[in-house]
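Asks:
Have a look at this one:
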């Protein structure tokens, strides 16, 4: 479990810098483009990470105190990007929140990973399970965002498109 905690911290440490780089170097139009109708753009993925970053830190504290915590529904509780800040501003907000989270996570010891609390939808969960989910969640939405960014390039690459079949957004859903 100590190795997993170290790996999770490593993943969680890299995500904010990755988003800062994407937000500073890529055009806002590319970051705002949804891969297909009903799917999130890269910026929507980043906004979701900001929303859930607050929730993960709260859950971490709940688990330390043995307190139950609610589920999070991004469609109902997440921030909608109607009047959105610039991509670098969003990335800076995520970086600030993540720095606070990493400070809180640094206090977690391997002996804390067995601590339990009740999640409103999932039932009893452990600190270790939540830390796994946190790192996986970061990676999942970073991949999702990069997949959204890839779409115009995949669609325009002609006969090479077959090499990207795992990443091509389906529009027939």
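In my numbering, the protein residues as written are 8 to 180. Glycine included, C-beta positions come from ideal geometry on N, C-alpha and C. Here the structure is a predicted model, which is why all the values come from computation and not from measurement.
1) In chain order, which beta strand (DSSP E) runs of at least 3 residues are fully inside the region 73-126?
2) To the nearest angstrom, how far is it from the Cα of residue 37 to the Cα of residue 160?
3) Give the straight-line distance between the Cα atoms of residue 168 and residue 174, rounded to the nearest whole angstrom.
4) Is residue 115 closer than 9 Å to residue 12 when the C-beta atoms are compared?
5) Please classify residue 164 as buried or exposed, where buried requires at least 16 other C-beta atoms within 10 Å of its C-beta.
6) Quick check on DSSP: helix, strand or coil for residue 130?
7) Got a sec? Which residues, its chain only, sit under 6 Å from residue 151 by beta carbon, not counting five neighbours each side?
8) Within the continuous alpha helix (DSSP H) that includes residue 46, where are the two ends?
9) Indicate, with yes or no, if the ligand ADP has a heavy atom lying under 8 Å from the CB of residue 66.
10) What's the call for residue 131, buried or exposed, on a 16-neighbour Cβ count within 10 Å?
11) Could you please give the first and the last residue of the uninterrupted alpha helix (DSSP H) stretch that includes residue 14?
12) Tell me which residues share the same chain as residue 57 and place their Cβ nearer than 6 Å to its Cβ, disregarding the 5 neighbours each side in the sequence.
Replies: In terms of the structure at hand:
1) 123-126
2) Residue mapping note: residue 37 aligns to position 30 of the chain shown, counting from 1. Residue mapping note: residue 160 aligns to position 153 of the chain shown, counting from 1. Rounded to whole angstroms, residue 37 to residue 160 spans 11 Å at the Cα level.
3) The count along the chain shown starts at 1 and reaches residue 168 at position 161. The count along the chain shown starts at 1 and reaches residue 174 at position 167. The alpha-carbon atoms of residue 168 and residue 174 are separated by roughly 10 Å.
4) Numbered from 1 along the chain shown, position 5 holds the residue referred to as residue 12. Numbered from 1 along the chain shown, position 108 holds the residue referred to as residue 115. Yes, they are a contact pair.
5) Residue mapping note: residue 164 aligns to position 157 of the chain shown, counting from 1. Per the 10 Å Cβ criterion, exposed.
6) On the chain shown, residue 130 is found 123 positions in, with the first residue counted as 1. Looking at residue 130 - three-state DSSP - the assignment turns out to be strand.
7) In the chain shown, residue 151 corresponds to position 144, counting from 1. If we look at residue 151 and ignore the five residues flanking it on each side, its Cβ neighbours are 52.
8) For the purposes of this step, residue 46 is identified with residue 39 of the chain shown, where counting begins at 1. Taken as a continuous stretch (DSSP letters only), residue 46 belongs to no alpha helix (DSSP H), as it is neither H nor E.
9) Within the structure as shown, the ligand ADP is missing, as the structure has no ligands at all.
10) Along the chain shown, one-based indexing puts residue 131 at 124. With fewer than 16 Cβ atoms within 10 Å of its Cβ, residue 131 is classed as exposed.
11) The residue you call residue 14 lines up with position 7 of the chain shown. 9-32 is the span of the alpha helix (DSSP H), which, as asked, contains residue 14.
12) Taking the first residue of the chain shown as position 1, residue 57 is located at position 50. Here the set comprises 100, 101.
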